[in-house]
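**Q** In numbering that gives the first Met the number 0, the protein residues as written are 0 to 340.
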Amino acid sequence: MMIVMKPTATEQEVQAVVDRVQSVGARAHLSRGDELTVIGAIGDREHVARLELDGAAGVDRVVPISKPYKLSSTQFKHGERTVLDIAGRKVGGNSFAMIAGPCTVESREQTLETARAVRDAGGTLFRGGAYKPRTSPYAFQGLGQEGLRLLAEAKAETGLPIVTELMDQRDLEQVLEVADVIQIGARNMQNYTLLAEVGRSGCPVLLKRGLSATLEELLMAAEYVLKEGNEAVMLCERGIRTFETAYRFTLDLMAVPVLKELSHLPVIVDPSHAAGRRDLVMPLSLAAAAVGADGIIVEVHPHPEQAICDGPQQLYADEFGEYVERVQAAAAVAGKALAAV
Ligand code: PEP
Ligand code: MN
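#1: Mapping the DSSP letters down to three states, classify Tyr315 as helix, strand or coil.
#2: Pro265 and Val90 - do their beta-carbons sit closer together than 8 Å?
#3: Leaving out five residues on either side along the sequence, give the residues of the same chain with a beta carbon under 8 Å from the beta carbon of Gln74.
#4: Which parts of the stretch 71-95 are runs of the beta strand (DSSP E), unbroken and 3 residues or longer, counting only runs that do not cross its ends?
#5: Determine the closest residue to Leu165 out of Met188, Asp309 and Gln14, with distance taken between C-alpha atoms.
#6: Only counting the same chain, and skipping five residues up and downstream in sequence, which positions put a Cβ closer than 7 Å to that of Ile307?
#7: In the DSSP output, what is Gln182 paired with across the bridge?
#8: How long is the line joining the alpha carbons of Tyr246 and Ala274, rounded to whole angstroms?
#9: Look at the alpha carbon of Asp167 and the alpha carbon of Leu258, and state the distance between them as a whole number of angstroms.
#10: Once the 5 residues before and after Arg88 are set aside, which same chain residues still bring their CB inside 6 Å of it?
#11: So, helix, strand or coil for Thr157, using DSSP?
#12: Can we say the stretch 173-192 touches the stretch 131-148, given the rule of at least three CB pairs closer than 8 Å?
#13: Locate the beta strand (DSSP E) running through Thr36, then write down its first and last residues.
#14: Who are the near neighbours of Glu304 in its chain, counting only those whose CB is closer than 7 Å to its CB and skipping five residues on each side?
#15: Give every residue whose Cβ lies closer than 5 Å to any heavy atom of ligand 2, listed in chain order.
#16: Rounded to a whole number of angstroms, what is the C-alpha to C-alpha distance between Arg199 and Ile296?
#17: Please report the residue range of the alpha helix (DSSP H) in which Asp357 lies.
#18: Taking Cβ to Cβ, would you say Arg240 is nearer than 8 Å to Arg208?
#19: Is Arg277 close to ligand 1? I mean its beta-carbon at under 7 Å from any heavy atom of the ligand.
#20: List the DSSP bridge partners of Val58.
#21: Return the CA-CA distance between Leu217 and Leu234, expressed in angstroms with no decimal places.
#22: With H, G and I counted as helix, E and B as strand and the rest as coil, what does DSSP make of His300?
#23: For Gln109, is the classification buried or exposed, using 16 other Cβ atoms within 10 angstroms of its Cβ as the cut-off for buried?
#24: Tell me which residues share the same chain as Val16 and place their Cβ nearer than 8 Å to its Cβ, disregarding the 5 neighbours each side in the sequence.
#25: May I ask you to report which of helix, strand or coil DSSP gives Ile263?
#26: So is the beta-carbon of His300 under 7 Å away from any non-hydrogen atom of ligand 1?
#27: Select from Gly143, Phe242, Ile181 and Gly294 the residue whose C-alpha is nearest the C-alpha of Ile161.
#28: I'd like to confirm something about His371: is its beta-carbon nearer than 7 Å to some heavy atom of ligand 1, or not?
#29: Could you please give me the residues that DSSP links to Gly238 through a beta bridge?
#30: Could you give the DSSP three-state label for Met188: helix, strand or coil?
#31: Taking the alpha carbon of Asp179 as the point to measure from, which residue in Asn190, Arg186, Leu205 and Glu196 has its own alpha carbon closest?
Laid out in structure tokens, this is it:
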């Protein structure tokens, strides 16, 4: 149930509703938007209904949320979109986020060189993995703590906030020291203990869609983060498994408008991991921007042919400025501008 308060409701009236919701064993999730204060009552629907909150002081109306995901649903925010503030940079609304960087942190030189190229091209956030989910246990697994240290150095030099993946909750504390956004990879989308842990951390989360996950499963995964009181979640479409074998994954661009219909959370597209091929990254990025994505996460490397992983899909750092200009023009078609610093 969603309890929408009147714009004139006092602090005491809001608190009284929260107390009553909690008195029947339900969780009260308070959300203060620009225009509306809404209390999500998550628990036994019958118990909450019996409180007859429509008549309570300060309450405008009580609306049932029909979807299995509640806090991430459009209904919960009454159509208002979530705009995240990542260290002063906006993600969502009219702001288009350009998240870019190497697949993995390999060396100081490679990391700093890429970060400078991303900054110079007007990138919003810098991505780079210190912990890598690899299909083969024999493949490079990331530099770990040394990688985090290099990301911190890139942030200090360029001012770009950092997006980096967390695979194991035992690394959370160290990742939090550098991450402005924690990435949860496709393979961990349904790692529910990890999701709850990053939810409790309060750090913004970029949640990737699982390789074979439905949109409902993605939104249920987001719910695990939101339920812990962390509202800063962006969803990421990165390609799914289909019967098609001509390319690595099928980038499901229809997911963008549909997710935005179902949820108030920003939607990011990853063309790099979907395609697995550099030449497809530009057309997919243009399409993603034009279809209304709130941003793109893309892989960039100074020397992709020497990259330790995902070389064939990484853009050349010295061509990145031109790429950003073209994607920006496509985003403008959908009414979005690159997030200003
Ligand atoms: C990545 O972004 O580095 C990555 C491994 O992506 P995914 O989890 O989508 O495969
Ligand atoms: Mn990669």
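Virtual Cβ for every residue (Gly too), placed ideally from N, Cα, C.
**A** Well, looking at it:
#1: Here residue 315 refers to the residue found at position 316 of the sequence shown. The answer is strand: DSSP assigns Tyr315 an E or B state.
#2: Numbered from its first residue, the sequence shown carries residue 90 at position 91. Numbered from its first residue, the sequence shown carries residue 265 at position 266. Closer than 8 Å, so yes.
#3: Stepping through the sequence shown from its first residue, residue 74 is reached at position 75. So the qualifying residues of the chain are Met1, Val62, Ile64, Ser65 and Lys66.
#4: 83-85 and 88-90
#5: Translated into the one-based positions of the sequence shown, residue 165 becomes position 166. The option with the nearest alpha carbon to Leu165 is Met188.
#6: Here residue 307 corresponds to residue number 308 of the sequence shown, with the count starting at 1. Thr103, Glu105 and Phe139, listed in sequence order.
#7: As a first step, residue 182 is located in the sequence shown; it is residue number 183 there, counting from the start. In the DSSP output, where bridge partners are listed per residue, Gln182 has Glu164 and Leu205.
#8: Here the question's residue 246 lines up with position 247 in the sequence shown. Here the question's residue 274 lines up with position 275 in the sequence shown. Answer to the nearest angstrom: the Cα atoms are 6 Å apart.
#9: Walking along the sequence shown from the start, residue 167 turns up at place 168. Walking along the sequence shown from the start, residue 258 turns up at place 259. Looking at the two C-alpha atoms, the distance is approximately 27 Å.
#10: Sequence index remark: in the sequence shown, residue 88 carries index 89 (1-based). If we look at Arg88 and ignore the five residues flanking it on each side, its Cβ neighbours are Thr123 and Ala338.
#11: For the purposes of this step, residue 157 is taken as residue 158 along the sequence shown, with counting starting at 1. Reduced to three states, the DSSP call for Thr157 is helix.
#12: yes
#13: For this step, residue 36 is matched to residue 37 along the sequence shown. Unbroken beta strand (DSSP E) run through Thr36: Thr36 to Ile41.
#14: Position 305 of the sequence shown, counting from 1, holds the residue named residue 304. The answer, listed in chain order, is Gly310.
#15: Cys102 and Asp309
#16: If you number the sequence shown from 1, residue 199 lands on position 200. If you number the sequence shown from 1, residue 296 lands on position 297. Rounded to the nearest angstrom, the two C-alpha atoms are 24 Å apart.
#17: Absent from the structure is residue 357, since the part of the chain shown begins at 0 and ends at 340.
#18: By one-based count along the sequence shown, residue 240 stands at place 241. By one-based count along the sequence shown, residue 208 stands at place 209. No, they are not a contact pair.
#19: Counting from one through the sequence shown, the residue named residue 277 turns up at place 278. Outside the cutoff, so no.
#20: Counting from 1 along the sequence shown, the entry for residue 58 is found at position 59. Its beta-bridge partners are Met4.
#21: Along the sequence shown, one-based indexing puts residue 217 at 218. Along the sequence shown, one-based indexing puts residue 234 at 235. Spanning the two alpha carbons is a distance of roughly 8 Å.
#22: What you label residue 300 is simply residue 301 of the sequence shown in a count that begins at 1. In this structure, His300 counts as strand in the three-state DSSP scheme.
#23: As a working note, residue 109 is residue 110 in the sequence shown. Answer is buried; the Cβ neighbour count reaches 16.
#24: Locating residue 16 in the sequence shown gives position 17, where the first residue counts as 1. Same-chain partners within the cutoff: Ile2, Met4, Ala27, Ile38, Leu52, Ala55, Gly57 and Val58.
#25: Taking the first residue of the sequence shown as 1, we reach residue 263 at position 264. Sequence inspection shows His at residue 263; the Ile mentioned does not correspond to that position. Coil at His263, not helix or strand.
#26: Reading the sequence shown from its first residue, position 301 is the one you call residue 300. Checking the Cβ of His300 against ligand 1 gives no.
#27: Taking the sequence shown and counting its residues from 1, the one referred to as residue 161 is at position 162. Selected option, being the one with the closest Cα: Ile181.
#28: Residue 371 lies beyond the range of the chain shown here (0 to 340); nothing can be said about it.
#29: As a first step, residue 238 is located in the sequence shown; it is residue number 239 there, counting from the start. Looking at the DSSP assignment, Gly238 forms no beta bridge with any residue, so it has no partner.
#30: The residue labelled residue 188 in the question sits at position 189 within the sequence shown. The answer is coil: DSSP assigns Met188 none of H, G, I, E or B.
#31: Residue 179 sits at position 180 when you count from the first residue of the sequence shown. Minimum Cα distance to Asp179 is reached at Leu205.
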